[in-house]
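Residue numbers (my numbering): 64 to 503.
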């Protein structure tokens, strides 16, 4: 005998009546709504930790530019953790007793400051996460090479896990590796952009001191904290499409705008040699109005790459070979070729000696650039003060104060070296006057 839905409902209700059960009938649309609600609350995190020099900056630029497209495809690329890459998360995960550059960038001076920073970051991230879930996001994509490069002890990696695990159903860590010889040659360009002096002795010191170059030891820490099955390793030489691979893990084949021009490309050996002569420190624009080497050096038209000979390349590789073998032995996703340099690209000659050369006018060149840069800072400060005056006329004191704060940073940076004394003094006097006017 066939029963209608209503008759079936009455029969079941009579059986459970008075036994502490609650019975109701849901239409098919109700079942679907409930399923969709439950499914939307299930969210996973993909944590891309680098390594540096494996296209991370390029990938992060594409992700940050495509936040809207990603969210439309169910993927949140958080803004609260960092505008382009999620360096704030690395700073929060770092032990407060081990301050580094992220602390200065976020004005963290004490352990109490760090605790407040961590609490604020969590609140902002949770709010962003809740909004994304409400819009149907199923994956949170986090990307920062600082996570790999700055969290170098298990306690800090554990802090990262404690931050993330309560918020997600699943957390996987993805990392790209390349042969250490190639890593170091690429890193040389970054060091130049940041104001460091690069030469053969410097590269040798990095081999001994940069612990994250020892992939086996570093990834062992991540596997210990997150679990070996939650750490996925990719060979950069074999799988260089970082963006496509990560989007595949997130379950989408969405096309992101832009071709993804290579960011932080290698500097020529001539540019690096010139940087060694200039010796004017770079200052990160996020917290100091200093000379933006990265932008200027990228514009220089020069093409000869830094080259080392086969003997030095093999000397570098030998330092890491034992650890690489141990890593490959326990990782099914890596092979010997993945961490072995292409020896054919190294010959019997090199041009690294160009970086050792000194010139007779390096001191004078540094002074000239410093004076020109300081004059530019003063001009930028004057522009900011003019914009502040415009905002005062508009009765917008908050906006005016922002411009005055920027002007102060520019003048402070100009005061650290040789400058144009009279113009600097005049600009400082005007700043004091405008600050008083803004308080009225």
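Here a beta-carbon is modelled for each residue, glycine too, at the ideal position from N, C-alpha and C.
With the rule of 3 Cβ pairs closer than 8 Å, the region 164 to 172 does not count as touching the region 221 to 241.
Ranking 277, 252, 338 and 307 by CA distance to the CA of residue 381 puts 277 first.
With distances taken between CA atoms, residue 208 lies nearest to 151 out of 218, 136 and 151. Secondary structure note for residue 203: its beta strand (DSSP E) is the uninterrupted segment 202 to 206. Below 8 Å, too few C-beta pairs join the region 135 to 148 and the region 264 to 278 to call them touching: fewer than three. Boundaries of the alpha helix (DSSP H) around residue 473: 460 to 477. In the three-state reduction of the DSSP assignment, residue 109 falls in the strand class. With a 10 Å radius around the Cβ and a threshold of 16 neighbouring Cβ atoms, residue 484 comes out exposed. Annotation: residue 156 to residue 501 spans about 39 Å, alpha carbon to alpha carbon.
For the pair residue 210 and residue 110, the CB atoms are nearer than the 8 Å cut-off. Residue 251 has its alpha-carbon roughly 8 Å from the corresponding atom of residue 330.
Between residue 203 and residue 108, the C-beta spacing is below 8 Å.
With a minimum length of 3 residues, there is no unbroken run of beta strand (DSSP E) contained wholly in the region 353 to 440.
As computed with DSSP, residue 236 is found in a beta bridge with 110 and 294. Residue 292 is classed as exposed because its beta carbon has fewer than 16 other beta carbons within 10 Å across all chains shown. At least 8 Å separates the beta-carbon of residue 448 from that of residue 402.
Collapsing the DSSP output to three states places residue 138 in a strand. DSSP places residue 340 inside the alpha helix (DSSP H), whose first and last residues are 332 to 341.
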